[in-house]
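Participant: I'd like to ask some things about the structure below.
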Amino acid sequence: MSNQNLLKVLFLLSCLCLSLPSFSAGKLGADMHQAKGVQCQTCHGTDMKNPQYPTEETCTQCHQKAVLAEKTRNLPGANPHAAPHNGDCILCHLQHEKSENYCAQCHNFKFVVP
């Protein structure tokens, strides 16, 4: 095997090794939904060849916004579920990617988003 091919193989193996913890952790929102028996069609519609992008209305069919606002009412700084300008749930809770603190784009809240 040439040095160039060996370097390519080593690079690919290192990429694979770095990605394994994120796959094995199973902590994405979609993973948690699946573990609770929620089917993909619940959020993405019945035509999985043309899945729908979930909206806030999709999320609130199961997750009541008032209940979420009550659970997070004592967070320091502000309540992300009762903010005057909070948007769709999926701005923070990305489901198929690591969640993010969308508020941190403008504010200095240290929210940990599940």
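Numbering (the UniProt record's numbering), first residue to last: 1 to 114.
By construction, the Cβ of each residue, glycine as well, lies at the ideal position given by its N, Cα and C atoms.
For the alpha helix (DSSP H) that H44 lies in, which residues bound it at each end?
Facilitator: For this step, residue 44 is matched to residue 44 along the sequence shown. Unbroken alpha helix (DSSP H) run through H44: C40 to H44.
Participant: The alpha helix (DSSP H) spanning M48 covers which residue range?
Facilitator: Counted from its first residue, the sequence shown places residue 48 at position 48. Neither: M48 is in no alpha helix (DSSP H) and is coded neither H nor E.
Participant: Buried or exposed: where does H81 fall if 16 or more other Cβ atoms within 10 Å of its Cβ makes it buried?
Facilitator: Numbered from 1 along the sequence shown, position 81 holds the residue referred to as residue 81. Classification of H81: buried, given that the 10 Å Cβ count is 16 or more.
Participant: Would you kindly check if the distance between the Cβ of P54 and the Cβ of H63 is under 8 Å?
Facilitator: As a first step, residue 63 is located in the sequence shown; it is residue number 63 there, counting from the start. As a first step, residue 54 is located in the sequence shown; it is residue number 54 there, counting from the start. Contact flag unset, no.
Participant: Using the C-alpha atoms, what's the distance from N101 back to C89?
Facilitator: Here the question's residue 89 lines up with position 89 in the sequence shown. Here the question's residue 101 lines up with position 101 in the sequence shown. C89 and N101: Cα-Cα distance of roughly 11 Å.
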